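Structure record follows, encoded as structure tokens.
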Amino acid sequence: MIRAFPWVAAAVLLTACESEPAPAMPRPTVSAAERPPQPLAPTRSPEAAADATLVAKGKGLVAEYQCNRCHDIAGIEPPELDFDCAGCHQKILAGDFDATEEELAHWQGRLQSLDEVPSLSATDRLSRTWVATFLPEAHDVRPNLMASMPRFDMPAEDAEAIAAFLVPSAEAPGPALGDAERGRTLLSSKGCMSCHRMTGVPSIPALPTAEPLAADVLARGQKMAPDLRWARDRMRPAALVQWIVDPKAVKADASMPSLGVTEAEAADIAAYLGQAELEPVPVGTVPALPPSLDRAVTFAEVNERIFGKICRHCHSDPNVVIGDGGPGYDGGFGFPKRALDLSTYEGLRSGSLDDHGKRRSVFKPVNGQPRIVAHLLARHAEVAGQPVDGVRGMPLGLPPIPMEDIALLKTWIEQGRKKGEGA
Amino acid sequence: MMKWKGAAVACLLAVVGASVPTDANACLRMKRRRVQKVDHKLQDVNRAEHLLAKGKSKAAVKVARRRFKKFTSVTGEPDSGKALFNRAQRTIALATVRADGALDLGRGMRGKTEDERLLNLAWATNVLEVQSVAEPDNLLLRTYHAEALMHHPGGEAQAAEILGRMSNDDLMPTARGYALLAQAQQKLGDVSGSDLSLQRCRELGEGDDICSVA
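Chains as they are written, first to last, in my numbering: chain Y, 1357 to 1779; chain E, 8 to 221.
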């Protein structure tokens, strides 16, 4: 789950990207006279230092919402391995996890998320206002990371306190902004678009960096690069310019390399990032749920395709896994205990706890679908930017389960939820 | 033991005899294998549960007892091992119930005489009740407790209450739970309720071996 405190950069990157060839020609741009700039972040007042009481409250909430299960956070201890989602994944990938070689090979072949997670250090470069707004309504900021920030059930006052903890300092006065059109050209010529994309503006050609980047630097940069459309809201303008010039001087573990951009050039780039006219974020479409299958579906098949592959990581009986049952069982990420065990047939049939602590079936209809199906469909709606009524999209912070697999689950339910062989 | 000695010698020779091409990772892999913790308790509990699910009560008890000598204690083991102890203990208790108490659980609990059999059943029922209360989120455990109650005179009313609630809320974890409910309802004279429970049992794909009222 999780990734992304889309913190990190807004900026600019690099290199020749052979896997993403540059478009032959940019779309025609409209002159500044025809399209007046939309000044955003640069026109607002710099943020004052956060209230110390709020900062302290925020630190406690960061622990409560278990942000450290995925993020390394300055001033917060990492969790035990049992609770360390990202650490566990990374140990498995590195071959350091205490398991047999066969188990490691099996997991390594399946593991796709949390290999990289932005650390929450140097977060003073971010806009506190944006952090507070983003947390309760998280969306995907880093399109090349599989996991994205989960959609928490977070009251605004909690988000404000966490934002105060992450961004406690007063904001430096905004720099004099440069020339936006020149900034757009620099985004291309400096190689930024080798890793970044910027949705909502005419396509910017991806040209190579002046100095070729090492393959691992390029790969990490591409994986972590945020969509630059968010930079104007995410980053404090002065910090944005600093970041573009030398990211690692701002954040030691930044995935973005320095590209030899001068401060004046960075001001031009920042001007474009802050002022370019943006198309609205498109509302996506939710693919249609295929009709139910006309063949027998076993629980073993559903388990292999859905529950065993993904869901059980957060929804397991702690007595069976001999450890943490995950946030979807024991509670976590600010969510109450649901005691939902999706690691076994019997656990699935035993339902989950509702908001009042009473057990309910996961098969009872919600929004016209069995509850468990409604949660999976809701994730499609969340990702498409469509409203969701009453249920949280699952899997939390991960790409939606394919509609074909949801149809498989629905068919199994309609066929009587039999256990069958092999379960 | 001999295998490890042999492996150590082989690694030593590989290091000393540098002129001989070797897979340098072999020793490292061996070392890692050696330090990996093999949790025999967990393996045995998993195996015991599997055996019980296959209807092999006696074998399940034998395997579960192997690592948990003091399995009759209700206080269990220290917290660090409590979850595993509880699983082993409930497996033994449920196996005992399914054997109607006629299982050898050790000294004083041989299950051979009528008194010993009833003692075993009383112990098993108590274990399952205590665990069921301690783990209210575990509905499967509730069905085990209800199953134990069915082996006591007059226990069917309480069993029907436990299982009926789960059935009404569509929370019955197993087909066997419906079959037990059907048995309890039949004993209580609720024929239509019993038939409905059996029907639900069969809808979960089980046959008469599970979905019947003995």
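Each residue gets a CB set at the ideal place from its N, CA and C atoms; glycine is no exception. It should be emphasised that the depicted structure is a prediction, and the values quoted were computed from it without experimental measurement.
Residue i vs residue j beta-carbon contact at 7 angstroms
i	j	result
Thr-1565 (chain Y)	Leu-1629 (chain Y)	no
Gly-1539 (chain Y)	Ala-1627 (chain Y)	yes
Ala-5 (chain E)	Val-134 (chain E)	Because chain E is modelled from 8 through 221, residue 5 (chain E) falls outside the range shown and cannot be assessed.
Lys-1774 (chain Y)	Leu-211 (chain E)	yes
Pro-1683 (chain Y)	Ala-1763 (chain Y)	no
Pro-180 (chain E)	Glu-1702 (chain Y)	yes
Ala-1405 (chain Y)	Ala-1526 (chain Y)	yes
Val-1601 (chain Y)	Val-1617 (chain Y)	yes
Val-220 (chain E)	His-158 (chain E)	no
Ser-64 (chain E)	Ala-102 (chain E)	yes
Leu-112 (chain E)	Asn-127 (chain E)	yes
Leu-148 (chain E)	Arg-1715 (chain Y)	no
7 angstroms Cβ cutoff, residue i in contact with chain Y
i	result
Lys-38 (chain E)	In this prediction, Lys-38 (chain E) scores a pLDDT of 37, lower than 50, which makes its location untrustworthy; no coordinate-derived value is stated.
Glu-163 (chain E)	no
Gly-62 (chain E)	no
Glu-210 (chain E)	yes
Leu-35 (chain E)	Since pLDDT at Leu-35 (chain E) reaches only 36, below the 50 mark, its modelled position is unreliable, and no value is offered.
Residue i: contacting residues in chain Y (beta-carbon distance under 9 angstroms)
i	result
Met-179 (chain E)	Arg-1705, Ser-1706
Leu-91 (chain E)	Asn-1675, Ile-1678
Chain-ordered chain E contacts of residue i [CB-CB under 7 angstroms]
i	result
Glu-1702 (chain Y)	Leu-147, Pro-180, Thr-181
Arg-1715 (chain Y)	Asp-176, Leu-178
Phe-1719 (chain Y)	Asp-177
Classification of residue i by the beta-carbon crowding that lies within 10 angstroms, buried from 16 upward
i	result
Thr-1641 (chain Y)	exposed
Asp-1624 (chain Y)	buried
Val-52 (chain E)	buried
Gly-1741 (chain Y)	exposed
Val-1676 (chain Y)	buried
Gly-1776 (chain Y)	buried
Glu-1516 (chain Y)	buried
Ala-1520 (chain Y)	buried
Glu-154 (chain E)	buried
Val-1653 (chain Y)	buried
Gln-1598 (chain Y)	buried
Lys-77 (chain E)	exposed
Ser-199 (chain E)	exposed
Asp-215 (chain E)	exposed
Leu-1437 (chain Y)	exposed
Ser-80 (chain E)	exposed
Ala-131 (chain E)	buried
Gln-1394 (chain Y)	A caution first: Gln-1394 (chain Y) carries a pLDDT of 43, below 50, which makes its placement in the model unreliable, though a value can still be read off. So Gln-1394 (chain Y) counts as exposed.
Ala-1571 (chain Y)	exposed
Glu-168 (chain E)	exposed
Lys-1 (chain E)	Residue numbering for chain E in the displayed model covers 8 to 221; residue 1 (chain E) lies beyond these limits and cannot be assessed.
Val-1637 (chain Y)	exposed
Asp-1711 (chain Y)	exposed
Arg-1590 (chain Y)	buried
Lys-1415 (chain Y)	buried
Contacts that residue i makes with chain Y (C-beta to C-beta distance below 7 angstroms)
i	result
Arg-94 (chain E)	Asn-1675
Leu-101 (chain E)	Within chain Y, no residue comes near Leu-101 (chain E); the closest Cβ sits about 13 angstroms away, beyond 7 angstroms.
Asp-144 (chain E)	Ala-1695
CB contact check: residue i to chain E, cutoff 7 angstroms
i	result
Lys-1774 (chain Y)	yes
Ala-1488 (chain Y)	no
Ala-1695 (chain Y)	yes
Interface residues of chain Y facing residue i [CB-CB closer than 8 angstroms]
i	result
Leu-49 (chain E)	Ile-1678
Does the pairing of the region 1569 to 1580 of chain Y with the region 1594 to 1607 of chain Y give three or more beta-carbon distances under 8 angstroms?
no
Across the region 1719 to 1739 of chain Y and the region 1465 to 1480 of chain Y, are there enough close Cβ pairs to call them in contact, namely three or more that are closer than 8 angstroms?
no
Three-pair Cβ contact test at 8 angstroms for the region 1451 to 1469 of chain Y versus the region 1697 to 1708 of chain Y:
no
Between the region 1476 to 1491 of chain Y and the region 1602 to 1610 of chain Y, do at least 3 Cβ pairs fall closer than 8 angstroms?
Yes, the region 1476 to 1491 of chain Y is in contact with the region 1602 to 1610 of chain Y.
State whether the region 1539 to 1559 of chain Y contacts the region 1583 to 1591 of chain Y, with contact taken as three or more CB pairs (one from each stretch) at a distance under 8 angstroms.
yes
Evaluate the contact criterion for the region 170 to 190 of chain E versus the region 202 to 219 of chain E: three or more CB pairs, one atom per stretch, below 8 angstroms.
Touching, yes.
Counting beta carbon pairs with one atom in the region 1749 to 1756 of chain Y and one in the region 1490 to 1509 of chain Y, are three or more of them shorter than 8 angstroms?
Touching, yes.
Are the region 1482 to 1492 of chain Y and the region 1403 to 1418 of chain Y touching by the rule of at least three beta carbon pairs closer than 8 angstroms?
yes
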